[in-house]
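Student: In the order they appear, the protein sequences are chains E and Y. Going by our numbering, the first residue of the first sequence is number 1, and it counts up by one from there. Going by our numbering, the first residue of the second sequence is number 1, and it counts up by one from there.
Number of protein chains: 2
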Amino acid sequence: MAGIVFINCFEVPVGRDEAFLELWGQIDDFMCAQPGFQWRRLHRSLDSRVKLRYVNVAGWDSAADSDKAHGEEFRRMQSQPGWLEFPAQPALYSVERDDRA
Amino acid sequence: MAGIVFINCFEVPVGRDEAFLELWGQIDDFMCAQPGFQWRRLHRSLDSRVKLRYVNVAGWDSAADSDKAHGEEFRRMQSQPGWLEFPAQPALYSVERDDRA
Chain E
1 MAGIVFINCF EVPVGRDEAF LELWGQIDDF MCAQPGFQWR RLHRSLDSRV KLRYVNVAGW
61 DSAADSDKAH GEEFRRMQSQ PGWLEFPAQP ALYSVERDDR A
Chain Y
1 MAGIVFINCF EVPVGRDEAF LELWGQIDDF MCAQPGFQWR RLHRSLDSRV KLRYVNVAGW
61 DSAADSDKAH GEEFRRMQSQ PGWLEFPAQP ALYSVERDDR A
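#1: Helix, strand or coil for F6 (chain Y), going by three-state DSSP, please let me know.
#2: State the Cα-Cα distance for the pair R49 (chain E) and F6 (chain Y), rounded to the nearest angstrom.
#3: I want to verify the contact list: residues of chain E whose CB lies under 7 angstroms from the CB of R44 (chain Y), in sequence order.
#4: Using three-state DSSP, classify Q79 (chain Y) as helix, strand or coil.
#5: Does the Cβ of A147 (chain Y) have 16 or more other Cβ atoms within 10 Å, making it buried, or fewer, making it exposed?
#6: What three-state label does DSSP hand D29 (chain E) in the structure shown?
#7: Which ranges does the beta strand (DSSP E) cover as unbroken runs of at least 3 residues, wholly within the stretch 37-63 of chain Y, from first to last along the chain?
#8: Between E:A91, E:Y93, E:R44 and E:F74, which has its C-alpha nearest V12 (chain E)'s C-alpha?
#9: Just to make sure I have the definition right: I need the residues of chain E whose C-beta is within less than 9 angstroms of the C-beta of F30 (chain Y). Which are they?
#10: Determine contact between the stretch 32-42 of chain Y and the stretch 84-98 of chain E, defined as no fewer than three beta-carbon pairs at a distance below 8 angstroms.
#11: Identify, in the order they occur along the chain, each residue of the same chain with its Cβ nearer than 7 angstroms to the Cβ of W83 (chain Y), setting aside the five sequence neighbours on each side.
#12: Name the one or two DSSP bridge partners that D99 (chain Y) has.
#13: Distance cutoff 8 angstroms, beta carbons only. Does R100 (chain Y) sit that close to anything in chain E?
#14: Counting only the same chain and skipping the five closest in sequence on each side, list residues whose C-beta sits under 7 angstroms from that of E73 (chain Y).
#15: Find out if the Cβ-Cβ distance for the pair L46 (chain E), A63 (chain Y) is shorter than 8 angstroms.
#16: Return the CA-CA distance between L21 (chain Y) and R75 (chain E), expressed in angstroms with no decimal places.
#17: Out of Y:G3, Y:V14, Y:A2 and Y:I4, state which residue places its alpha-carbon closest to the alpha-carbon of E85 (chain Y).
#18: Going by beta-carbon coordinates alone, are A88 (chain E) and F37 (chain E) separated by less than 8 angstroms?
#19: Quick check: the Cα distance between Q80 (chain Y) and R16 (chain E), rounded to an integer number of angstroms?
#20: When the Cα of A91 (chain E) is compared with those of E:D67, E:A19, E:M77 and E:Q78, which residue comes out closest?
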């Protein structure tokens with residue numbers, strides 16, 4: 001679990017899950033094949049009334065690897081007009097606390 | 001990694017990390033000791049200018065266990081006036097996609 005964590009929180013209107021997953025899947029396929037990618041989990045809220053209905057959490061070897069992956073090809077995919085419907089809050093994080101029961 | 005995931009995104013003003021971690025730690029100590037708690041990771045943004053500066057991601061055996069843990073004692077701690085400074089967006093999530101490189 002060493003490295004850095006990229007977290008992206010998405011607002012997805014109820015009933016638009018399929019359109020979101022189609023767009024997200026395009027970028028995800030690309031990201032999973034980039035150098036430094038470790039793992040990712042896409043989370044979907046149980047309650048459809050919450051604001052942040054999807055949260056993607058992904059491990060990378062380093063911030064530099066994640067930054068490099070979010071380059072020209074990423075920006076091309078992310079600039080598709082369909083994304084305007086799904087506001088996102090992406091950021092890189094370090095793991096501050098990590099415990100198991 | 002079976003079960004359910006509780007994610008809470010926090011807004012924490014720059015320079016108020018210590019006060020946040022003090023309050024968060026009180027609730028975290030309690031949560032980590034509750035039945036059904038599996039694991040949790042607290043993430044802190046590398047860039048202090050992002051809105052969601054802290055993201056807590058925690059695994060629970062079930063939604064019922066998480067709900068039960070967020071009962072009276074949780075509400076007592078969470079109602080402390082200090083929390084007004086740190087808006088939070090908590091929700092329960094299922095894992096929709098899970099892959100490793």
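C-beta: ideal position from N, C-alpha, C; glycine also.
Tutor: Based on what the coordinates show:
#1: Here residue 6 (chain Y) is taken as the residue at index 6 of the second sequence, counted from 1. Reduced to three states, the DSSP call for F6 (chain Y) is strand.
#2: The residue you call residue 49 (chain E) lines up with position 49 of the first sequence. The residue you call residue 6 (chain Y) lines up with position 6 of the second sequence. Rounded to whole angstroms, R49 (chain E) to F6 (chain Y) spans 15 angstroms at the Cα level.
#3: Taking the first residue of the second sequence as 1, we reach residue 44 (chain Y) at position 44. Y93, S94 and E96, listed in chain order.
#4: The residue you call residue 79 (chain Y) lines up with position 79 of the second sequence. This sequence places Ser at residue 79 (chain Y); Gln is not what is there. Three-state result, S79 (chain Y): coil.
#5: In the structure displayed, chain Y extends from 1 to 101; residue 147 (chain Y) sits before or after that span and is not available.
#6: As a first step, residue 29 (chain E) is located in the first sequence; it is residue number 29 there, counting from the start. Here D29 (chain E) sits in helix by DSSP.
#7: Listed in chain order, they are 37-45 and 54-60.
#8: For the purposes of this step, residue 12 (chain E) is taken as residue 12 along the first sequence, with counting starting at 1. The residue among E:A91, E:Y93, E:R44 and E:F74 with its C-alpha nearest the C-alpha of V12 (chain E) is E:R44.
#9: Numbered from 1 along the second sequence, position 30 holds the residue referred to as residue 30 (chain Y). None at all; the shortest Cβ gap to chain E is about 13 angstroms.
#10: The stretch 32-42 of chain Y, when compared against the stretch 84-98 of chain E, does touch it at the 8 angstroms Cβ threshold.
#11: Counting from one through the second sequence, the residue named residue 83 (chain Y) turns up at place 83. The answer, listed in chain order, is L23.
#12: By 1-based counting over the second sequence, the position of residue 99 (chain Y) is 99. Its beta-bridge partners are E:R40.
#13: Numbered from 1 along the second sequence, position 100 holds the residue referred to as residue 100 (chain Y). So, interface residue.
#14: Residue 73 (chain Y) sits at position 73 when you count from the first residue of the second sequence. Excluding sequence neighbours, E73 (chain Y) sits near F30.
#15: Here residue 46 (chain E) corresponds to residue number 46 of the first sequence, with the count starting at 1. Here residue 63 (chain Y) corresponds to residue number 63 of the second sequence, with the count starting at 1. Closer than 8 angstroms, so yes.
#16: Counting from 1 along the second sequence, the entry for residue 21 (chain Y) is found at position 21. Counting from 1 along the first sequence, the entry for residue 75 (chain E) is found at position 75. Roughly 35 angstroms between the two C-alpha positions.
#17: Position 85 of the second sequence, counted from the first residue, corresponds to residue 85 (chain Y). In terms of CA proximity to E85 (chain Y), Y:V14 leads the group Y:G3, Y:V14, Y:A2 and Y:I4.
#18: On the first sequence, position 88 is the one that residue 88 (chain E) refers to. On the first sequence, position 37 is the one that residue 37 (chain E) refers to. Contact: no.
#19: Along the second sequence, one-based indexing puts residue 80 (chain Y) at 80. Along the first sequence, one-based indexing puts residue 16 (chain E) at 16. Put simply, the backbone Cα of Q80 (chain Y) is about 37 angstroms away from that of R16 (chain E).
#20: Taking the first sequence and counting its residues from 1, one reaches residue 91 (chain E) at position 91. A91 (chain E) has its Cα closest to that of E:D67, out of E:D67, E:A19, E:M77 and E:Q78.
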